[in-house]
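According to the working numbering, the sequence shown is numbered sequentially starting from -12. Ideal placement from N, C-alpha and C gives every residue a C-beta, glycine not left out. Right, one structure below, let's go through it.
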Amino acid sequence: MAINWDLLKTHYLQGNRESQLGNLALNLMRLHILVRQGSNDIVVQHLIRESQFFVEWTVPTINLETDMQIATELLELQRSLSRWKLNWSEVWANEAEREQVATVAQQWCDRLQKSKVGS
């Protein structure tokens, strides 16, 4: 079953910043759990891609004069997601690298939850 990314984008952008960051944080929590379990490689790859889209869709809506910090943080997250996606075969095959991804995903989830409170 193919994902209708345009429909998802429309629905995602209808939410306020708090719900958008909440959706992104939830994806990262799911990613953390699945990577730590070492299961559902395909689902993890989908979560990484979907999270990339969430960041891509959120950043242009941010007022850079007032919210530069969250924009900068999201771009930093986007770089991590891109590295994971590009090197996924190697990451998935290496338990230590998977553990690092799980840890970083959890840290990002926590950061986004704090940002969400401040938005």
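Check                                                                                                                                                : Outcome
If you drop the 5 nearest sequence neighbours on each side, which residues of the same chain put their C-beta closer than 7 Å to that of residue 30? : 21
Determine the extent of the alpha helix (DSSP H) in which residue 160 is found, giving its start and end residues.                                   : As shown, the chain starts at -12 and ends at 106. That puts residue 160 outside it, with no answer to give.
Less than 8 Å between C-beta atoms, sequence neighbours within five positions excluded: which residues of the same chain meet that for residue 10?   : -1, 2 and 41
Where do the ends of the alpha helix (DSSP H) carrying residue -10 lie?                                                                              : Looking at the DSSP string, residue -10 is not in any alpha helix (DSSP H), and its letter there is neither H nor E.
If I'm right that residue 68 touches residue 35 with Cβ under 8 Å, what's the distance once you round it to whole angstroms?                         : 6 Å
Could you spell out where the alpha helix (DSSP H) holding residue 76 opens and where it closes?                                                     : 75 to 80
Given this structure, state the Cα-to-Cα distance separating residue 79 from residue 32, to the nearest angstrom.                                    : 10 Å
For the candidate residues 44, 97 and 37, whose alpha-carbon lies nearest to that of residue -11?                                                    : 37
Can you tell me the Cβ-Cβ gap for residue 48 and residue 61, rounded? I've got them flagged as a contact below 8 Å.                                  : Wrong, their Cβ atoms sit about 11 Å apart, outside the cutoff.
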